[in-house]
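Novice: Numbering follows my numbering, in which position 102 of the sequence shown is assigned residue number 87; successive positions increment by one, without gaps. Below is one structure. I have some questions about it.
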Amino acid sequence: MRKPTFLLAVLALLSFVACKQNTSTDNTKEEAEEEAAANPLAGAWKMTAWKPADSEGQVAPDVVQYKFYTDSHFFFVGYDDKADTVAQSGGGTYTVDDGTFTEKIAFASWDSPNVGTSYTFDFTAGEDGNTFKQRGVMKSNVEGEPDFQLAEDYVKVGPALEPAVAEKAPVGLWKITKSLYGDQEEATAPADSMVIHKLVTPTHFYVVTYNKNTGKLDGMTFGTYEMKDGKYVETVMATTRSIELIDKMQPFEYEYTGDSFTQKGVMEFTDGPFELEEYYTRVE
């Protein structure tokens, strides 16, 4: 007589667990939707149109330009994919407030007077969340130069990693704590004035070094990556470093524990191998 009672208890428990799992899944989905609604800018974007200073309307960009938003930081890069040169790069922090957002520039490669300046823009997100338009005026910081009427359109660059692979990918914004390059004997911390950030999205990576006091760009590298054969493999699309890096697949040994990320490898150049070790801690 105890068997039916026991089976009923097991079935009740399984039903409870299933309901709990479904509720957890639903909650996770709802949380993701709420986050997207609260901040539709978060993600990776590719520019489709912009308005030059000497134009009456928008045109297609003459360089390839990407822009990335985390919860509180933004980064962008424009590069000529034919000449393998970086046209511009910059970034900083931002806040969103009901249809407007304010960017504060922390570093820039093209116009140092803008460093430390905040600009507020209007934005319109597409209904599907895959496009957004940015509009506003960038007040000139240089005497004699006119204000810039900014009008840029973007399309979202969606995730390319399978869920099982994405769990192993070091997605997030990272800050270097120490590094070893070339013939250094041991890894050392960067100078107090230097910031080294690495952004890893589900589709791209963006690493930048800049002086936090002046906003001067020291160098940046941008590209795509994949998780392959237990390694983190980068393919560089644009860099201010050696052009030998362009289009080269570079595998790295890596460790990723949630709040820390380490990559190690040997990069091959015409003048010989170059050892690299980088140790990061999570920012976002």
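Backbone N, C-alpha and C define an ideal beta-carbon position, used for all residues, glycine too. Being a predicted model, the structure only gives us computed values, none of them experimental.
Can you find the residues in the same chain that come closer than 6 Å, C-beta to C-beta, to Asp66, ignoring five residues on each side of it along the sequence?
Specialist: The residues are Val49.
Novice: In whole angstroms, what is the alpha-carbon distance linking Leu165 and Glu130?
Specialist: Rounded to whole angstroms, Leu165 to Glu130 spans 43 Å at the Cα level.
Novice: What residue from Lys213, Lys153 and Thr209 has the CA that sits closest to Thr220's CA?
Specialist: When each option's Cα is compared against that of Thr220, the closest is Thr209.
Novice: CB Ser125 to CB Gly200, shorter than 8 Å?
Specialist: Going by C-beta atoms, Ser125 is not nearer than 8 Å to Gly200.
Novice: Exposed or buried, what is Gln275 when buried is set at 16 or more other beta-carbons lying within 10 Å of its beta-carbon?
Specialist: With the chain represented from -14 up to 269, any question about residue 275 goes unanswered, as that position is not in the structure.
Novice: Considering only C-alpha positions, which residue in the set Lys153, Phe61, Ala149 and Thr162 is nearest to Asp177?
Specialist: Looking at the Cα atoms, Thr162 is the closest of the given residues.
Novice: Using 10 angstroms around the beta-carbon of Asp138, count the other beta-carbons present and answer buried if the total reaches 16, otherwise exposed.
Specialist: Asp138 comes out buried.
Novice: So Tyr264 packs on Ala172, CB below 8 Å; how close in whole Å?
Specialist: Their Cβ separation, rounded to whole angstroms, is 6 Å, which keeps Tyr264 and Ala172 in contact under 8 Å.
Novice: Check the C-beta distance from Leu135 over to Phe106 and give it rounded, since I have them as a contact under 8 Å.
Specialist: Right, the Cβ-Cβ distance comes to about 7 Å (below 8 Å), so this counts as a contact.
Novice: Can you list, in chain order, the residues of its chain with a C-beta nearer than 6 Å to that of Pro46? Leave out the 5 residues immediately preceding and following it.
Specialist: So the qualifying residues of the chain are Met32 and Trp35.
Novice: Since Val150 is in the alpha helix (DSSP H), which residue starts that stretch and which ends it?
Specialist: That run of the alpha helix (DSSP H) goes Pro148 to Ala151.
Novice: For the beta strand (DSSP E) containing Ile231, list its first residue and its last residue.
Specialist: That residue, Ile231, is in no beta strand (DSSP E); it is neither H nor E in DSSP.
Novice: Using three-state DSSP, classify Val125 as helix, strand or coil.
Specialist: At residue 125 the sequence reads Ser, which differs from the Val that was named. Three-state result, Ser125: coil.
Novice: Output needed for Met179: all residues of its chain with C-beta closer than 8 Å, excluding positions within five of it in sequence on either side, in chain order.
Specialist: Correct list, in chain order: Thr194, Tyr195, Asn196, Lys197 and Asp203.
Novice: Is it the case that the Cβ atoms of Gly42 and Phe59 are separated by a distance below 8 Å?
Specialist: Result no, Cβ atoms of Gly42 and Phe59 do not sit closer than 8 Å.
Novice: Going by beta carbon distance, what residues of the same chain come within less than 8 Å of Leu230, once the five residues before and after it are set aside?
Specialist: Within the same chain, Leu230 has close Cβ partners Thr206, Val221, Thr224 and Met252.
Novice: Using the Cβ count rule (16 or more neighbours within 10 Å means buried), how would you classify Ser94?
Specialist: That one is buried.
Novice: Per DSSP, Asp65 is paired with what?
Specialist: Answer by DSSP bridge pairing, in chain order: Thr70.
Novice: State the DSSP-derived secondary structure class of Asn99, mapped to helix, strand or coil.
Specialist: The answer is helix: DSSP assigns Asn99 an H, G or I state.
Novice: Here's the rule I'm using: 16 or more other beta-carbon atoms within 10 Å means buried, otherwise exposed. How should Ala254 be labelled?
Specialist: Correcting the residue identity first, residue 254 is Phe in this sequence and not Ala. Under this definition Phe254 is an exposed residue.
Novice: The beta strand (DSSP E) with Gly157 in it runs from where to where?
Specialist: Note, Gly157: beta strand (DSSP E), Gly157 to Tyr166.
Novice: Under 8 Å, do Glu269 and Gly157 count as touching if we go by C-beta distance?
Specialist: Contact flag set, yes.
Novice: Alpha carbons only, please: which of Ala174, Thr80, Glu260 and Val140 is nearest the one belonging to Gly114?
Specialist: Comparing Cα-Cα distances from Gly114 to each of Ala174, Thr80, Glu260 and Val140, the minimum goes to Val140.
Novice: Are the CB atoms of Tyr54 and Leu26 within a distance shorter than 8 Å?
Specialist: Yes, Cβ-Cβ distance for Leu26 and Tyr54 is below 8 Å.
Novice: For Lys118 and Gln169, what's the separation of their Cα atoms in angstroms?
Specialist: Their Cα atoms are separated by approximately 46 Å.
Novice: Using C-beta distances below 8 Å, list every residue in its chain close to Pro37, excluding the 5 sequence neighbours before and after it, in chain order.
Specialist: Excluding positions up to five away in sequence, the list reads Val44.
Novice: Got a sec? Which residues, its chain only, sit under 7 Å from Glu262 by beta carbon, not counting five neighbours each side?
Specialist: Correct list, in chain order: Ser164, Leu165, Ala172 and Lys249.
Novice: Who are Asp138's beta bridge partners in DSSP?
Specialist: Answer is Ala34 and Lys118, bridged to Asp138.
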